[in-house]
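Chemist:
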Amino acid sequence: MYQRDKTGAKMKQFLSINDVPDLNGLLDKALNIKANLNGKRELGKHKSIGLIFLNPSLRTRLSSQRAALNLGMDAIVLDVNSGGWKLEFDDGVIMNGDSAEHVKEAAGVLGRYFDVLAIRSFAALEDREKDYEDAVLNAFAEYSGVPIINMESATGHPLQAFADLITITEHQKKSRPKVVLSWAPHPKALPQAVANSFVRWMKASNVDLMVTHPNGYELADTIMEGVSVEYDQNIAFDNADFIYAKNWSSYTNYGKVLSSDSSWMITQEKMNLTNNAKFLHCLPVRRNVVVEDAVLDSTSSIVLDQAENRIVSMQTVLESLLEELK
Ligand code: CP
12 MYQRDKTGAK MKQFLSINDV PDLNGLLDKA LNIKANLNGK RELGKHKSIG
62 LIFLNPSLRT RLSSQRAALN LGMDAIVLDV NSGGWKLEFD DGVIMNGDSA
112 EHVKEAAGVL GRYFDVLAIR SFAALEDREK DYEDAVLNAF AEYSGVPIIN
162 MESATGHPLQ AFADLITITE HQKKSRPKVV LSWAPHPKAL PQAVANSFVR
212 WMKASNVDLM VTHPNGYELA DTIMEGVSVE YDQNIAFDNA DFIYAKNWSS
262 YTNYGKVLSS DSSWMITQEK MNLTNNAKFL HCLPVRRNVV VEDAVLDSTS
312 SIVLDQAENR IVSMQTVLES LLEELK
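In this text, residue positions in the sequence shown follow our numbering: the first is 12, and each later residue adds one.
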């Protein structure tokens, strides 16, 4: 269980839940911000954020801009792959290949242009050790000289997990709901980032968390320490108050799709096993592969609330950082 911070420590960056000194305090702050999204239009005046994307996005890109604008900040987006130079991240490389610029200079320059930087960079899913070093995010943190926000890295998506926590808090009907994270099929190999962060944030919250997935899809031991795993999806769904569906590729057989078993798709029949559970997914979602239409189109689905709360999670993080930049 996450302990409320008693030292008054402030948020200095937002790479992961480790940068949150007081989770309950941050959640309270988010709910207050949501009630008045335009209440701090002056806080970010003359402050700027660079939103740096090495991978595609719909929600993160627009919710982050929306949040920054709500706080009166200037927000500028760079899609590195289409509008920037190809970056080198390894040290000591003879740069006579494709990469024209090293992250040491790129991050340093961006740090001169912006007060805050936010970075999206997915796992390559080829080399587990390399991905789990989170080299891209950490390089920007090391060389930019300004606070960094993680907009989904190789190993985590804390802005999503924070939005998920806000959404569960808004919809929960009991003080300690049963929350089930269910693996679901997907034709492509996806990173573990969303699942990793969801587990970490739920472990720190007052919920009864269970994870269900086929054999071979175990997440890292460090993430799963203390979490119940149930390999039978039907048993896991019993009496659940929230079902969070997500695909991830294998961690042990790194980056591989071991199963595309459609019997793991979330159906209305399976939702009927639950305690009238709400359905969550971070989006984008493949209909009738991950979850059937009947669930997504039902009143149980709260995926749009989750997406809306991406503005709230980013705005709460930005407000916390801006209070320290003043
Ligand atoms: N959930 C999420 O991060 O969506 P995008 O990939 O569209 O940003």
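The beta-carbon is built from N, C-alpha and C at its ideal position, and this holds for glycine as well.
Owing to the predicted nature of the structure, the values given are computational and were not obtained by experimental measurement.
Say yes only if the C-beta of threonine 71 is nearer than 6 Å to one or more non-hydrogen atoms of the ligand CP, and no if none qualify.
Modeler: Yes - the ligand CP has a heavy atom lying nearer than 6 Å to the Cβ of threonine 71.
Chemist: Among residues of its own chain, excluding the 5 on either side of glutamate 330, which ones have a beta-carbon nearer than 8 Å to its beta-carbon?
Modeler: Lys40, Ile44, Lys51, Leu54, Leu82.
Chemist: Got a sec? Which residues, its chain only, sit under 7 Å from alanine 206 by beta carbon, not counting five neighbours each side?
Modeler: Answer for alanine 206: Leu192, Leu230, Lys257, Trp259, listed in chain order.
Chemist: Residues in the same chain with beta-carbon distance under 6 Å from phenylalanine 173, minus the five sequence neighbours each way, listed in chain order, please.
Modeler: The residues are Ser324.
Chemist: At 3 residues or longer, and completely inside the segment 151 to 216: list those beta strand (DSSP E) runs for me, N to C.
Modeler: With a minimum length of 3 residues, the continuous beta strand (DSSP E) runs that stay inside the segment 151 to 216 are 159 to 161, 189 to 194.
Chemist: Spell out a yes or no on whether the segment 70 to 87 and the segment 159 to 170 are touching, meaning 3 or more CB-CB pairs, one atom from each, closer than 8 Å.
Modeler: Yes, they touch.
Chemist: So for methionine 12, helix, strand or coil by DSSP?
Modeler: The pLDDT assigned to methionine 12 is 39, lower than 50, so where the model puts this residue is not dependable, and the model offers no usable value.
Chemist: Below 7 Å between beta carbons: does that hold for methionine 213 and serine 239?
Modeler: No; because the gap between Cβ atoms is not below 7 Å, this pair is not in contact.
Chemist: Could you tell me whether the Cβ atoms of leucine 284 and aspartate 252 are closer together than 7 Å?
Modeler: Taking 7 Å as the Cβ cut-off, leucine 284 and aspartate 252 do not qualify as a contacting pair.
Chemist: Check whether the Cβ atoms of valine 65 and valine 91 lie closer than 7 Å to each other.
Modeler: Note that residue 65 is leucine in the sequence shown, not valine. Their beta carbons are under 7 Å apart, which means leucine 65 touches valine 91 by this criterion.
Chemist: How many angstroms separate the CA atom of glycine 103 from the CA atom of histidine 113?
Modeler: Between glycine 103 and histidine 113, the C-alpha separation is close to 10 Å.
Chemist: Can you say whether histidine 57 is buried or exposed, counting buried as having 16 or more other CB atoms within 10 angstroms of its CB?
Modeler: Histidine 57 comes out exposed.
Chemist: Quick check: is any heavy atom of the ligand CP less than 6 Å from the C-beta of leucine 294?
Modeler: Because some heavy atom of the ligand CP lies under 6 Å away, the Cβ of leucine 294 counts as near it: yes.
Chemist: Given the structure, does glutamine 171 come close to the ligand CP, in the sense that its CB is under 6 Å from one of the ligand's heavy atoms?
Modeler: Yes; taking the cut-off as 6 Å, the Cβ of glutamine 171 has a heavy atom of the ligand CP nearer than that.
Chemist: Does the structure place the segment 278 to 295 close enough to the segment 241 to 248 that three or more beta carbon pairs sit under 8 Å?
Modeler: Touching, yes.
Chemist: At a cut-off of 6 Å, would you count serine 68 as near the ligand CP, judging by its Cβ distance to the nearest heavy atom?
Modeler: The answer is yes for serine 68.
Chemist: Tell me where the alpha helix (DSSP H) around phenylalanine 253 begins and ends.
Modeler: Per DSSP, phenylalanine 253 belongs to no alpha helix (DSSP H); it is in the beta strand (DSSP E), 253 to 257.
Chemist: Just list the residues that DSSP pairs serine 273 with in beta bridges.
Modeler: DSSP, once it has assigned bridges, lists no residue as partnering serine 273.
Chemist: Over the uninterrupted beta strand (DSSP E) stretch that includes asparagine 289, give me the two end residues.
Modeler: Residue identity differs from the one stated: residue 289 is lysine in this sequence, not asparagine. That run of the beta strand (DSSP E) goes 289 to 291.
Chemist: Do histidine 182 and lysine 115 have their CB atoms nearer than 7 Å?
Modeler: Taking 7 Å as the Cβ cut-off, histidine 182 and lysine 115 do not qualify as a contacting pair.
Chemist: Taking only three categories from DSSP, how would you classify alanine 20?
Modeler: DSSP places alanine 20 in coil when its eight states are reduced to three.
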